[in-house]
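Q:
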Amino acid sequence: MAGKTGTLLAVLAGAAIGAGIGILFAPNEGATTRRKIKEGYGAKKDELKEKMSELTEQLKSKIGTSKLDLESGFDNLVSSVENKKDDIISTLERKLEGLKNTAQNVASSAQNAGSSSSTTGSSFNQGK
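This note's numbering numbers the first residue of the sequence shown as 31 and each following residue consecutively.
#1: Going by beta carbon distance, what residues of the same chain come within less than 8 angstroms of residue 53, once the five residues before and after it are set aside?
#2: Tell me the start and end of each unbroken alpha helix (DSSP H) in the segment 79-103 that is at least 4 residues and wholly inside, in chain order.
#3: Express the C-alpha separation of residue 36 and residue 91 in angstroms, rounding to a whole number.
#4: Would you report the Cα separation of residue 127 and residue 94, rounded to the nearest angstrom?
#5: Does DSSP put residue 127 in a helix, a strand or coil?
#6: What distance in whole Å lies between the Cβ atoms of residue 85 and residue 34, which are believed to be in contact at a cut-off of 8 angstroms?
#7: Report all residues from its chain with a CB closer than 6 angstroms to the CB of residue 145; omit the five preceding and five following residues, and keep chain order.
#8: Between the alpha carbons of residue 59 and residue 74, how many angstroms are there, rounded?
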């Protein structure tokens, strides 16, 4: 877009220089020259409006495309985070289940060891 702006400025500068040279070397009388300048100004004014309109539309299009790309990227990021969140929750639930099983096994072992030692202790006391 910077290239188009530079081109537009070059065209306008060239037109202004050309108009100045044309006035200096004009074979016509003042009224005719002023009319031609007025017509040329009107044409350049319309051309400039048209170019500005085109540039505005191009800019709007670029902004719209960038906005859509940004929204799409954000949606993908949110989706990815949600998937990771679900994976982490599943992993934590599996680990928690494993810890519960380990705790139950330890409790059962301790209970068995406790009942075994009390049985052994009472047998020992009876033998005395």
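Backbone N, C-alpha and C define an ideal beta-carbon position, used for all residues, glycine too.
A: Reading off the structure:
#1: Excluding positions up to five away in sequence, the list reads 63 and 67.
#2: The segment 79-103 contains no whole alpha helix (DSSP H) run of 4 or more residues.
#3: About 20 angstroms.
#4: So the two alpha carbons sit approximately 49 angstroms from each other.
#5: It is helical.
#6: Yes, they are in contact, since the Cβ atoms of residue 34 and residue 85 sit about 7 angstroms apart, within 8 angstroms.
#7: Non-local C-beta neighbours of residue 145 in its own chain, meaning closer than 6 angstroms and more than five positions away in sequence, are absent.
#8: For residue 59 and residue 74, the distance between alpha carbons rounds to 22 angstroms.
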